[in-house]
Amino acid sequence: MIRRIQTILITICLVLFFVESLLLLFAVSSWEPLQAFFAQAFTVPAPSVPASVQVLILIVGLVLVLVIGYFQVLQLREEVFFTRQTDEGAVTISDSAIRRYVRQVAADVESVQNVQARVSNTEKGLVVDLLAKVVVTDTLPRIEQIIRARVREALEQTLGVGSVAAINVIIEKFEMAASRPLPSTTSVTLSGEGSARRE
């Protein structure tokens, strides 16, 4: 969410600075072809743009730069996700690293075709949301149980995350596995002692 807001603000800021640059360029320039182009393109002669409007655009752009910086700091704070204290020091794992690892572990389950992961830190512990596309080779509850068990084991034993509050498996799409052909039946008739005839 923060990244999306940040992207929108950066786009608005770039547009404002582009407009401000054009205004300053055409206001300062005394080159007549440039003035004529401005008048034809924007239907407003360059000298008619008040200086107060230019200053206002510049101030708004600077404010947006500060807001973007603030969101960048928030993003960096959220990125540092899990810290585990050891005898030799602290080990910090970012949420993006946890997401990638969890996604890899879940994708190793045979039935899983594609999976996306979201992680959040709550008071009760780590919450993992897995959005998966699966091929049903077993019952869905059984597949979900296998995914949960493997992800929990990976988080607790490999990464050392001691408090996993919940692992939510959301099946976005599933396909039934192709049914295997039944083996052909061969009838056997006993024709005598120690011998058999197949039909």
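Anchor point for the sequence shown: position 168 equals 151 in my numbering, and the numbering is continuous, going up by one each time.
For every residue, glycine included, the Cβ atom is placed at its ideal position computed from N, Cα and C.
Since this is a predicted model, take the numbers as computed values, not measurements.
Going by CA-CA distance only, name the one from Arg125, Leu47, Glu139 and Gln96 that's closest to Val111.
Glu139
Leu(-1), buried or exposed, once every other Cβ within 10 Å from all chains shown has been counted against 16
buried
How many angstroms separate the CA atom of Ala80 from the CA atom of Val134?
14 angstroms
Secondary structure at Val144, three-state DSSP: helix, strand or coil?
coil
Given Val74, which residues of its chain have a CB within under 6 angstroms of its CB, disregarding the five upstream and five downstream residues?
Arg67
Can you give me the Cβ contacts of Val50 inside the same chain, cut-off strictly under 7 angstroms, excluding the 5 residues immediately before and after it?
Apart from the 5 residues on each side of it in sequence, Val50 sits with its Cβ closer than 7 angstroms to the Cβ of Leu(-8) in its chain, given in chain order.
For Ser146 and Val117, what's the separation of their Cα atoms in angstroms?
Approximately 27 angstroms, taken between the alpha carbons.
Quick one: measure Cβ to Cβ for Ala137 and Leu113, integer angstroms, because I've assumed they're closer than 8 angstroms.
That belief does not hold up - the Cβ atoms of Ala137 and Leu113 are roughly 12 angstroms apart, past 8 angstroms.
I'd like the list of long-range same chain contacts for Glu155, defined as Cβ closer than 6 angstroms, with 5 residues on each side in sequence excluded.
Leu114 and Lys116
Assumed close pair Val102, Arg131 - CB separation to whole angstroms, cut-off 8 angstroms:
The beta-carbon distance between Val102 and Arg131, rounded to whole angstroms, is 14 angstroms. This is too long to meet the 8 angstroms contact definition.
Identify whether Glu93 lies in helix, strand or coil by the three-state DSSP scheme.
coil
DSSP bridge partner residues for Leu109 (one or two, in chain order)
Asn104 and Val147
Determine the DSSP secondary structure at Glu233, reduced to helix, strand or coil.
Residue coverage of the chain in this structure runs from -16 to 182, which leaves residue 233 outside it and unanswerable.
Exposure label - Phe1; buried when at least 16 CB within 10 Å
Counting other Cβ atoms within 10 Å of its Cβ, Phe1 stays below 16 and is therefore classed as exposed.
For Thr238, the first and last residue of its enclosing beta strand (DSSP E)
Because residue 238 is not part of the residues shown, which for the chain are -16 to 182, the question remains open.
Give me, in chain order, the residues of the same chain whose beta-carbon lies closer than 6 angstroms to that of Ala149; leave out the 5 immediate sequence neighbours on both sides.
Val110
Should Glu158 go down as buried or exposed, given a rule of 16 or more other Cβ atoms within 10 Å for buried?
That one is exposed.
Measuring CB to CB, does Val92 end up less than 8 angstroms from Ile129?
yes
Does DSSP put Thr(-10) in a helix, in a strand, or in coil?
helix
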